[in-house]
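Here the numbering used here is used: the first residue of the sequence shown is 58, the next is one more, and so on. Data first, discussion second: the structure below is written as structure tokens.
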Amino acid sequence: MIDIFAVLPLSLLLFACAITFVGGFVKGAVGFAMPLIMVSGMGILIDPQTVVAGVIFPIVVTNGMQVARAGLGPAWDGFKEHWRYVVVVCVMILVSAQFLRSIPADVMFLVLGVPVVGLCTVQLIGWHPRIPPRYRRAFEWGAGAVSGALGGLAGTWGPPTVLYLLALDTPRARQMAVQGVIYGLGSVMLFLGHLRSGVLNVQTWPLSALLLVPAILGMWLGFRLGDRFDQERFRRVTLWVLVLAGANLIRRGLMG
């Protein structure tokens, strides 16, 4: 606990736990957005590099829970179909994570905020690209590179993955399986990448480990209560809140 308080005072630690609980709940209820919620919410008051470090363990464990809940068979089938995208995402997460510590704080707020606002807005307006079959392989490589770069720097590669799968007209059941693989393997790469970059270190890993508690509790509650919500309305409200939080991160990046 001494190490944790050296990173964050009690008030900010409780704030981070509350944001993480909300992120876990949303992930359990509708299956997405925990990294976006943690990054945009915690980033309001907490240093960006500390935010990314705090996100790592909750992402690894909750993505593992999601994969296990969906089943390993469908996940393996999804990997075989989209292995190029998965491999590029994982490699780019490892590579881009190494640049995080060299980015100034003001720029990091933009790195965190712009993808949140852009990706949530795209989902709100319902737009997704259409990719002809002859361009599929090039699209897999390019989309994987963008998703992985965002993942290593901002800790989130979920929304680009959703857009990628929609662009290929992937059936919903297969989408869930592929997302599970990409989120699960990507989170392991995020852990390894930031272990090497130094973002996850002896000072920050206790914080990330502590945030597992509210993340798992929130996800458990989301699993139990998710079926009681109008999921589409809940999803849209979540996206609007994320847009506002992301806009505030952009404001901090521009105004210093």
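We put the CB at the ideal spot given by N, CA and C, even for glycine.
Could you check whether Ile101 and Ala272 sit closer than 8 Å to each other, using their CB atoms as the reference points?
no
Reduced DSSP category for Ile94 - H, G, I as helix; E, B as strand; rest coil
Three-state result, Ile94: helix.
Which residue wins for smallest C-alpha separation from Leu129, given the options Asn305, Leu65, Arg231 and Ile76?
Arg231
Within the continuous alpha helix (DSSP H) that includes Ser265, where are the two ends?
It spans Trp262 to Leu267 - the alpha helix (DSSP H) in which Ser265 sits, taken as one unbroken run.
Buried or exposed: where does Lys84 fall if 16 or more other Cβ atoms within 10 Å of its Cβ makes it buried?
Around the CB of Lys84, 16 or more other CB atoms lie within 10 Å, so the residue is classed as buried.
Endpoints, alpha helix (DSSP H) assigned at Phe78:
Leu67 to Val87
Compute the distance between the beta-carbons of Met165 and Pro105, then report whether it is under 8 Å.
yes
For Gly205, which of helix, strand or coil comes out of DSSP?
Note: Gly205 maps to helix in three-state DSSP.
For Met99 and Phe72, the rounded distance between their alpha carbons:
8 Å
Could you tell me the distance, in whole angstroms, from the CA atom of Val203 to the CA atom of Val235?
About 17 Å.
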